[in-house]
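See structure below.
Number of protein chains: 2
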Amino acid sequence: MPAKENLRPGGRSARVQASVHNAVRLLLKTMDRADVTIPLIAAEAGVTPSTIYRRWGELQELLADVAVERLRPDMLPIDTGSARGDLEVWTEQYCEEMSSGIGRDMMRDVLAAQDNANACKCDAFTREQIALIAERAHARGEAFPDIDAVMDGVVAPIIYRILFGDQPSIERVRDLVTNVLTATPTRPPQPVSAPISA
Amino acid sequence: MPAKENLRPGGRSARVQASVHNAVRLLLKTMDRADVTIPLIAAEAGVTPSTIYRRWGELQELLADVAVERLRPDMLPIDTGSARGDLEVWTEQYCEEMSSGIGRDMMRDVLAAQDNANACKCDAFTREQIALIAERAHARGEAFPDIDAVMDGVVAPIIYRILFGDQPSIERVRDLVTNVLTATPTRPPQPVSAPISA
DNA sequence: CGCTAAAAGCAAATAATTTGCGTTAATGGA
DNA sequence: TCCATTAACGCAAATTATTTGCTTTTAGCG
Chain X
4 MPAKENLRPG GRSARVQASV HNAVRLLLKT MDRADVTIPL IAAEAGVTPS
54 TIYRRWGELQ ELLADVAVER LRPDMLPIDT GSARGDLEVW TEQYCEEMSS
104 GIGRDMMRDV LAAQDNANAC KCDAFTREQI ALIAERAHAR GEAFPDIDAV
154 MDGVVAPIIY RILFGDQPSI ERVRDLVTNV LTATPTRPPQ PVSAPISA
Chain A
4 MPAKENLRPG GRSARVQASV HNAVRLLLKT MDRADVTIPL IAAEAGVTPS
54 TIYRRWGELQ ELLADVAVER LRPDMLPIDT GSARGDLEVW TEQYCEEMSS
104 GIGRDMMRDV LAAQDNANAC KCDAFTREQI ALIAERAHAR GEAFPDIDAV
154 MDGVVAPIIY RILFGDQPSI ERVRDLVTNV LTATPTRPPQ PVSAPISA
């Protein structure tokens, strides 16, 4: 029961959604998340609580909805000139973002929701970022591992550690990147959508 | 605020805890988890709701508490005679258990709780199981990777996929095991606590 | 511009949570 | 073994959150 694009996109409905999302973001900054309630959010957003109950069902779903928006990447991976550099920089930034209190909370919110569509979205966001790095690598003529290899070898260990109590260290993260770039079979450079010289 | 060992372990308190845990397990079997409420659990367990509120705080914590008990391994990893066999069999069983609806729900419950002590416990359970396999391997004189390498290379990818929407396939799981046993540096056999022939 | 129905508002009814206080019983020391 | 202490429980009243029936607003569309 997510408040997604399958509802009226225009006018008031959209305004309410934006207002509620803003209220959640504001309250999460201001106070402890355990004290954030739907009536409070409703008051802050200037809507009645029943609107939120009917649209989102429970606080958990609303929080997941807000969290996934904040987890959406807002920029392209930095271009360092090499695949290794790109992946290292991106991974370190990703890890830092996710390890932070806010990142952890957002991830928790996304995973705690009954509906796992938001979790899938997060996975898709990450894959897109890595795909961009891979495309750049291929355009340069560099080899690059499969997306799945990067997900398994770099992203999954980082997320697992964050979720299950360990803070992954910078050194560990660098090792993960090194391993996936060297110890796993890399895909030879190949055309992305059109051959490089057609 | 977990209902842990830091409370009176004896008599009534323990009885209440057991009764509440049983009630939760029963209700989760019987009905949809969205309909399970604290007053309902209290009625089923024969205690007053306020007892549960005071001990666990919220439903989420109670569910996490119950889930972590169910995730505790109840048997030693099967001994197949070789490290590879042990790890393969254990991994496949682990993956199957965690991918099932119940496993997913339990993991969600553990991760959704404010208190991440339960998540740490789950991680510790898994490490212990792998450590047992490693010890057996070393006792046989076989090389075996570091626990961390297995966590990063096998466990993390499986859990990541389950949490973020993909069902890891048997083939993929086998590949993970093969990779960690071949492509990562393995630790030479070494005495566990006492030299093999002292 | 008007129709239709989805989404929002409102308020009453229901259910969950918190809280103050008296009671029970686990623990530890005499 | 018995008593003192106090953590944990039970109960009930007060508070707060959630659900629900109905009305009003308004987006989407011919």
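Residue numbers (our numbering), protein chains in the order written: chain X, 4 to 201; chain A, 4 to 201.
Glycine included, C-beta positions come from ideal geometry on N, C-alpha and C.
query	result
Can you find a C-beta in chain A that's less than 8 angstroms from the C-beta of G168 of chain X?	yes
Based on Cα-Cα distance, which residue from X:V158, X:L135, X:D35, X:E61 lies nearest to D118 of chain X?	X:E61
I'd like to know whether the C-beta atoms of E114 of chain X and L114 of chain A end up nearer to each other than 8 angstroms.	One point to set straight first is that residue 114 of chain X is Leu, not Glu, in the sequence displayed. Yes, Cβ-Cβ distance for L114 of chain X and L114 of chain A is below 8 angstroms.
Kindly list, in the order they appear in chain X, the residues whose Cβ is closer than 7 angstroms to that of D126 of chain A.	F167, G168
Any beta-carbon of chain A closer than 8 angstroms to the one on Q96 of chain X?	no
On the DSSP letters alone, give me the boundaries of the alpha helix (DSSP H) that V183 of chain A sits inside.	173 to 185
Could you work out which residues of chain X lie near Q132 of chain A, taking near to mean beta carbons separated by less than 9 angstroms?	Near Q132 of chain A there are no residues of chain X at all, since even the closest Cβ is about 14 angstroms away, more than 9 angstroms.
What do you get for L166 of chain X, buried or exposed, if any count of 16 or more other CB atoms within 10 angstroms of its CB means buried?	buried
Assuming P160 of chain A and A159 of chain X are in contact, meaning their beta carbons sit under 8 angstroms apart, how far apart are those beta carbons, in whole angstroms?	4 angstroms
Give, in chain order, every residue of the segment 147 to 161 of chain A whose Cβ lies closer than 9 angstroms to some Cβ of chain X.	D151, M154, D155, G156, V158, A159, P160, I161
Going along chain X, which residues have a C-beta under 9 angstroms from R75 of chain A?	Under the 9 angstroms cutoff, chain X gives no residues; its nearest Cβ is about 15 angstroms from R75 of chain A.
List the residues of chain X whose Cβ lies closer than 8 angstroms to the Cβ of L114 of chain A, in chain order.	R111, L114, A115, L166
Whether or not the segment 123 to 130 of chain X and the segment 76 to 93 of chain A are in contact is what I'm after, with contact meaning three or more pairs of Cβ atoms, one per stretch, closer than 8 angstroms; do they touch?	no
Is N25 of chain A close to chain X, meaning its C-beta is less than 8 angstroms from at least one C-beta of that chain?	no
Between the Cα of D155 of chain A and those of X:A140, X:A45, X:E145, X:D178, spot the shortest distance and give me the residue it belongs to.	X:D178
In chain order, what are the residue ranges of uninterrupted alpha helix (DSSP H) at least 4 long that sit wholly in the segment 58 to 86 of chain X?	62 to 74
If we ignore side chains and look at the alpha-carbon of each, how far apart do P194 of chain X and I81 of chain X end up?	With a pLDDT of only 49 at P194 of chain X, under the threshold of 50, the placement of this residue in the model should not be trusted, and no figure is reported.
E95 of chain A and I173 of chain A: beta carbons closer than 8 angstroms?	yes
Is it the case that the segment 17 to 30 of chain A contacts the segment 41 to 56 of chain A, given that we only count it when at least three CB pairs across the two stretches are under 8 angstroms?	yes
Near R175 of chain A, what residues of its chain come up, given a Cβ to Cβ distance below 7 angstroms and the 5 sequence neighbours on each side ignored?	none
Which first and last residues belong to the alpha helix (DSSP H) in which T33 of chain A is found?	14 to 33
So, does the CB of Y56 of chain X fall closer than 8 angstroms to a CB anywhere in chain A?	no
Please specify which runs of the alpha helix (DSSP H), each continuous and at least 4 residues long, are wholly inside the segment 109 to 172 of chain X, giving them in chain order.	120 to 143, 150 to 153, 159 to 166
For the alpha helix (DSSP H) containing A3 of chain X, name the first residue and the last one.	Shown here, chain X extends from 4 to 201; a query on residue 3 of chain X therefore has no answer.
I need the DSSP call for T51 of chain A, collapsed to helix, strand or coil.	coil
For V71 of chain X, which residues in the same chain have their Cβ closer than 7 angstroms to its Cβ, ignoring the five residues on either side in sequence?	V113, N121, K124, C125
Whole angstroms is fine: what's the gap from I133 of chain X's alpha carbon to G144 of chain X's?	16 angstroms
Quick one: is R58 of chain A buried, meaning 16 or more other Cβ sit within 10 Å of its Cβ, or exposed?	buried
Is the beta carbon of S102 of chain X sitting closer than 8 angstroms to the one on Q170 of chain X?	yes
Just mark T181 of chain A as buried or exposed, buried being the case when its beta carbon has 16 or more other beta carbons within 10 Å.	exposed
Under 8 angstroms between beta-carbons, which chain X residues line up against A122 of chain A? List them in chain order, please.	L166, F167, G168
Measure the CB-CB distance between R164 of chain A and D108 of chain A and report whether it falls below 8 angstroms.	no
For L184 of chain A, which of A:G106, A:A140, A:I44 has the nearest alpha-carbon?	A:A140
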